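Remarks on the structure that follows.
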């Protein structure tokens, strides 16, 4: 049998197969491959920084892994790495549970879940976490660990922002953190910082001056507006507040002068 005159078909399948191996068909466009490679490079950079959850989410949007052997190979290597890290996290969790380091164990189980979503390893980590929460001691330790982490993060943010804030605002923030997170290291640290601020007489004097200026300027402005409108009775309470709350200030002296004028 021949395919056309003078060309027998014997061995044609083998020849075609050999040629396909040498030059595989292009199943993905150059543009799609370039986009896939760029995405893989970002994923691999995230993996280097151990930002596995973000890397996995990004990898889920990859297109072309089934059509291009090179891309498929890189995906396979990444998947194997995620699996290995999930296994490590599970082992770490087992060790920490035995040592009753329950909060640290919960973090390790969380990593395993995020590294192997929908996979047996992820399911195993999820089940172990659920079992951990059934233990009253473990559950309390996990909740305390979460509070410690939240308080520590808030304290770090507060201290970073403190140089650009008014001292009164910083003091209020320390008080708020200490009141919201009693029994935590960061809460105790915030309470101590607030105590130290209050012990600084010069700082307290400056803060009192700032408060007086803010309050008195506002009250005097309101009083002037009412006086200008002929509403002296409405102006008087604001002037009285200035005199009563900040009696030994220039603002109080100004308020007394204004009171004397509207009493005439």
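Numbering (the working numbering), first residue to last: -6 to 257. Here a beta-carbon is modelled for each residue, glycine too, at the ideal position from N, C-alpha and C. Note that the structure is a prediction, hence the values are computed from the model and not measured.
Cβ-Cβ distance between residue 90 and residue 131 below 9 Å: Residue 131 sits close to residue 90, with the two beta carbons spaced by under 9 Å.
Cα-Cα separation between residue 125 and residue 137, rounded to whole angstroms: In this structure, the straight-line span from the alpha carbon of residue 125 to that of residue 137 is close to 14 Å.
So, helix, strand or coil for residue 146, using DSSP? Of the three classes helix, strand and coil, the one that applies to residue 146 here is helix, per DSSP.
Three-state secondary structure assigned by DSSP to residue -6: Any answer about residue -6 is weak, because its pLDDT of 43 lies below 50 and its placement is not dependable; what the coordinates show is given next. DSSP places residue -6 in coil when its eight states are reduced to three.
Once DSSP output is grouped into helix, strand and coil, what is the label at residue 255? DSSP places residue 255 in helix when its eight states are reduced to three.
The alpha helix (DSSP H) with residue 220 in it runs from where to where? Looking at the DSSP string, the run of the alpha helix (DSSP H) that includes residue 220 is 194 to 221.
Which of the three DSSP states is assigned to residue 285 in this structure? The displayed coordinates of the chain run from -6 to 257. Any statement about residue 285 would go beyond what the structure contains.
Measuring straight from C-alpha to C-alpha, what distance separates residue 119 and residue 84? One C-alpha to the other measures close to 14 Å.
Assuming residue 248 and residue 213 make a contact with CB atoms under 8 Å, what is their CB distance in whole Å? Contact between residue 248 and residue 213 is confirmed by a C-beta separation of about 7 Å, below the 8 Å threshold.
For residue 88 and residue 186, what's the separation of their Cα atoms in angstroms? Each residue's alpha carbon lies about 37 Å from the other.
According to DSSP, is residue 239 part of a helix, a strand, or is it coil? Coil at residue 239, not helix or strand.
Outcome for residue 211 when other beta-carbon atoms lying within 10 angstroms are tallied against a minimum of 16: Result: exposed.
Boundaries of the alpha helix (DSSP H) in which residue 66 is found, first to last residue: 62 to 91 is the span of the alpha helix (DSSP H), which, as asked, contains residue 66.
Can you find at least 3 beta carbon pairs, one from the stretch 145 to 155 and one from the stretch 174 to 184, that sit closer than 8 Å? Flag = yes, the stretch 145 to 155 and the stretch 174 to 184 touch.
Taking buried to mean at least 16 other C-beta atoms within 10 Å of its own C-beta, is residue 61 buried or exposed? Under this definition residue 61 is a buried residue.
Suppose contacts are defined by Cβ-Cβ distances below 9 Å. Is residue 49 in contact with residue 108 by that definition? By the CB criterion at 9 Å, residue 49 and residue 108 fall inside the cutoff.
Determine the direct distance from the alpha carbon of residue 56 to that of residue 22, and round the result to whole angstroms. Taking the straight line from one Cα to the other gives about 11 Å.
C-beta atoms of residue 64 and residue 40 nearer than 9 Å: With a cutoff of 9 Å on beta-carbon distance, residue 64 and residue 40 are scored as not near each other.
In this structure, how does DSSP classify residue 244 when only helix, strand and coil are distinguished? Residue 244: helix per DSSP, three-state reduction.
Is the separation between the beta-carbon of residue 203 and that of residue 234 shorter than 9 Å? Result no, Cβ atoms of residue 203 and residue 234 do not sit closer than 9 Å.
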